[in-house]
């Protein structure tokens with residue numbers, strides 16, 4: 218069995234009509250606090266994707282880093298190709314992710330509030346029954362809730 222090709226936006230300056238209708242759009246807060254609860258909406262396409270028997274989005278999946286948040290199955294009878302997920306980052310995510318990437322980024326410590334945070338990616342994957350798999354990613358900052366809850370930080374390098 219061969220691995221299915223995952224399509225992505227190729228050139229942000231020259232978006233094709235197919236990309237406009239298939240690349241997932243992730244709507245999420247840019248900063249999330251550990252122990253909080255955040256809604257993330259994934260819409261398939263800047264232009265709405267059709268939902269007809271012969272052409273529709275089969276499912277939408279969301280992950281935060283390598284943590285699967287969920288998958289929503291869709292059908293031609295659904296009005297829109299979109300799904301809303303609840304993301305609940307934990308303190309362990311901040312600690313574990315910081316440890317995993319310490320040789321690349323380390324732990325970011327805000328110069329103003331002393332909070333620890335990590336930058337992670339939300340990863341949306343959608344399956345079109347005609348055009349296959351489509352993926353997009355969005356960076357989000359996960360802040361530790363121990364200090365400076367939810368503050369946007371100025372990073373010091």
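In my numbering, the protein residues as written are 218 to 374.
All C-beta atoms, glycine included, are put in the ideal place defined by N, C-alpha and C.
Less than 6 Å between C-beta atoms, sequence neighbours within five positions excluded: which residues of the same chain meet that for residue 252?
362.
Distance check for residue 356 and residue 310, CA to CA, integer angstroms please.
Cα to Cα, residue 310 sits roughly 15 Å from residue 356.
Should residue 432 and residue 272 be called a contact, given that it needs their Cβ atoms to be closer than 9 Å?
Residue 432 lies beyond the range of the chain shown here (218 to 374); nothing can be said about it.
So what does DSSP say about residue 310, is it helix, strand or coil?
Residue 310 falls in the helix class under three-state DSSP.
Cβ atoms of residue 229 and residue 277: under 9 Å apart, would you say?
Not a contact, by the Cβ cut-off of 9 Å.
Considering just the uninterrupted stretch of the alpha helix (DSSP H) at residue 235, what are its terminal residues?
Segment 234–239, the alpha helix (DSSP H) holding residue 235.
Please work out which residues of its chain come closer than 7 Å, Cβ to Cβ, to residue 321, disregarding the five sequence neighbours upstream and downstream, and give them in chain order.
Bear in mind that the predicted position of residue 321 carries a pLDDT of just 47, short of 50, making it unreliable; the figure below should be weighed with that in mind. No residues qualify anywhere along the chain.
Give me the residue from 303, 299 and 295 with the minimum Cα distance to residue 264.
Closest option to residue 264, Cα to Cα, is 299.
Report buried or exposed for residue 236, applying the criterion of at least 16 other Cβ atoms within 10 angstroms of its Cβ.
It is buried - the Cβ of residue 236 has at least 16 other Cβ atoms within 10 Å.
Would you identify the three-state DSSP class for residue 280, choosing helix, strand or coil?
Looking at residue 280 - three-state DSSP - the assignment turns out to be strand.
I need the boundaries of the beta strand (DSSP E) containing residue 340, first residue and last residue.
Where residue 340 is concerned, the enclosing beta strand (DSSP E) stretches over 333–345.
With distances taken Cα to Cα, identify the nearest neighbour of residue 295 among 284, 303 and 267.
Cα-wise, what sits closest to residue 295 is 267.
Exposed or buried, what is residue 250 when buried is set at 16 or more other beta-carbons lying within 10 Å of its beta-carbon?
So residue 250 counts as buried.
Buried or exposed for residue 254, going by 16 or more other Cβ atoms inside 10 Å?
By the neighbour-count rule (16 or more Cβ atoms within 10 Å), residue 254 is not buried but exposed.
Is the distance from the Cβ of residue 293 to the Cβ of residue 269 below 9 Å?
Cβ distance < 9 Å, so residue 293 and residue 269 count as in contact.
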